[in-house]
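Here the structure is laid out as structure tokens; the discussion comes afterwards.
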Amino acid sequence: MKASLVLLLSGLILVGSIAATGWWATGNPSSRPPAPLGAEAWTSVVTTVAPELARADVPDPATASPSEVAAFADRLTPRQRDDLVRLAPATVGNLDGLPLTMRYAANESMVTEAPTPVVEQVLAVNAVAGLRTAESTRPGRTLAYDPRGDGRVVQVVGDLERAKHIAVLVPGSSWRLDNVLRWPSGHRTSPLVNATVLQRALGDDAAIVVWLGYDAPERVDLAAVGSARAIAGAGALRRFLNSLPAVHVSLLCHSYGTVVCGRALPGAPVDEVVALGSPGMDVATVSDLRTTARVWAARTADDPIRVTPAVRVLGLGHGTSPVDPKFGARVFRTGTATGHDQYYAEGTESLANIARIVLGHAAEVTLR
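Numbered by the UniProt record's numbering, the letters in the sequence shown go through residues 1 to 368 in order.
This is the structure:
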């Protein structure tokens with residue numbers, strides 16, 4: 001995020017069109033999440049595969065909680081689970097609460113059969129976590145995959161079922177399915193690169209999840225200054241967090257991703273929340289987040305997001321910076337980390353502190 005552009009957007013917030021802001025915050029179609037992928041045929045597929053189930057017993061992909069979905073899966077035989085993966089991969093692969101084995105298998109089949117040359121080139125399937133093949137060296141396994149529009153994806157690095165600590169990375173503006181999963185990542189440090197660096201720092205007891213389950217703003221523009229994309233993504237993030245094992249969970253949010261996290265926190269079972277390079281979380285103080293989690297924040301000395309105005313006017317702007325003492329977060333040191341995208345740089349105090357937070361070693365975090 002360049003300082004000049006941020007200053008320009010400051011002007012939009014302070015003197016822009018007041019009439020447009022109400023629509024942007026509430027009436028904008030981007031504030032409404034899309035229908036679940038493959039939901040139209042889901043019920044008929046399930047009742048064909050498992051005829052002993054009544055239609056009323058089939059969970060609605062749009063409204064069923066992860067616990068309701070898990071209870072449904074428990075009623076299926078191994079053969080029925082395999083048939084659902086084969087016949088309804090789009091729904092199975094994105095339905096929080098289903099067993100990980102079903103979701104991994106469904107998404108790997110989806111990625112393999114992706115119709116466009118660009119997606120085929122960028123999203124070569126990994127059959128086993130960390131497996132290196134001639135097609136791709138991309139780490140992890142795909143837990144959710146939706147190629148519509150800019151795409152949504154959830155990638156897991158590490159063993160999510162056996163992990164004692166889980167960190168969920170929520171990226172910000174300009175990230176989409178293809179550049180999140182691109183491996184090698186190219187000249188830009190990607191969330192997946194950050195996940196692999198963090199997982200190495202944490203060891204085998206931890207699993208890292210890159211969660212791009214929302215339509216991030218394409219750039220620093222009116223969408224990034226508004227909250228519509230965050231509102232649409234917050235419900236999906238909260239639902240995903242409620243599907244995770246009951247272990248120590250950290251929510252690591254970056255840039256616009258911190259807005260999504262701020263909106264998702266009420267009702268989300270997380271132990272730690274970290275806001276990195278945040279423009280604000282749509283609230284004035286930690287207490288407004290309505291969470292029992294410990295709330296942490298960090299910003300490098302030269303992060304251009306520092307010039308973002310700490311205002312919120314009729315749906316534009318994201319409020320108090322989490323590193324502001326008035327916000328009430330625990331602000332930690334970043335050491336030699338620089339810029340907006342280097343909070344996970346190896347050898348930095350920033351990475352060391354993030355690792356301590358994820359492992360639950362709060363007393364070892366070096367505060368600013």
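Ideal Cβ positions, reconstructed from N, Cα and C, are used throughout, including at glycine.
Just so you know, these numbers come straight off a predicted model, no measurement behind them.
Cα separation between residue i and residue j?
| i | j | result |
| --- | --- | --- |
| V247 | D215 | 28 Å |
| T336 | G328 | 24 Å |
| A345 | N194 | 8 Å |
| P34 | G235 | 12 Å |
| G315 | R229 | 12 Å |
| L169 | V313 | 28 Å |
| R32 | G213 | 13 Å |
| L359 | L198 | 11 Å |
| V311 | V286 | 16 Å |
| T142 | R86 | 16 Å |
| R219 | A62 | 28 Å |
In terms of DSSP beta bridges, what is residue i paired with?
| i | result |
| --- | --- |
| V154 | A144, W211 |
| S250 | A167, E272 |
| R182 | According to DSSP, R182 bridges with nothing at all. |
| V283 | G319 |
| W42 | BP columns for W42 are empty, so no partner. |
| G226 | L316 |
| L367 | F332 |
Leaving out five residues on either side along the sequence, give the residues of the same chain with a beta carbon under 8 Å from the beta carbon of residue i.
| i | result |
| --- | --- |
| A163 | D205, A206, A207, P245, V247 |
| R333 | A298, E349, S350, N353, T366, L367, R368 |
| T43 | R55, V58 |
| H340 | M1, S255, G277, T300, D303, P304, I305 |
| residue 370 | Nothing in the structure corresponds to residue 370, since the chain is present only between 1 and 368. |
| Q80 | V49, A50 |
For residue i, which of helix, strand or coil comes out of DSSP?
| i | result |
| --- | --- |
| A88 | coil |
| G235 | helix |
| V220 | coil |
| L202 | helix |
| A50 | coil |
| A310 | coil |
| D96 | strand |
| R79 | helix |
| L244 | coil |
| F332 | strand |
| A297 | strand |
| L192 | helix |
| F327 | coil |
| T101 | helix |
| S350 | helix |
Excluding five sequence neighbours on each side, which residues of the same chain lie with their C-beta closer than 7 Å to the C-beta of residue i?
| i | result |
| --- | --- |
| L98 | V69, A73, V92 |
| A201 | L351, A355 |
| V153 | T142, A144, Y145, L177, V180, L181, L212 |
Considering only residues of the same chain and omitting the five flanking positions on each side of residue i, which have a CB-CB separation below 6 Å?
| i | result |
| --- | --- |
| D96 | P66, R239, F240, S243 |
| M102 | R81, V85, V92 |
Quiz item: If you pair each beta-carbon of the stretch 290-309 with each one of the stretch 266-276, do three or more pairs fall below 8 Å?
Solution: Enough Cβ pairs lie closer than 8 Å, so yes.
Quiz item: Can at least three beta-carbon pairs, one atom from the stretch 278-285 and one from the stretch 249-268, be found at a separation below 8 Å?
Solution: Contact holds: three or more Cβ-Cβ distances are below 8 Å.
Exercise. Report yes or no: do the stretch 353-361 and the stretch 320-327 share at least 3 C-beta pairs separated by less than 8 Å?
Key: The answer is no - the stretch 320-327 does not touch the stretch 353-361, with fewer than three Cβ pairs under 8 Å.
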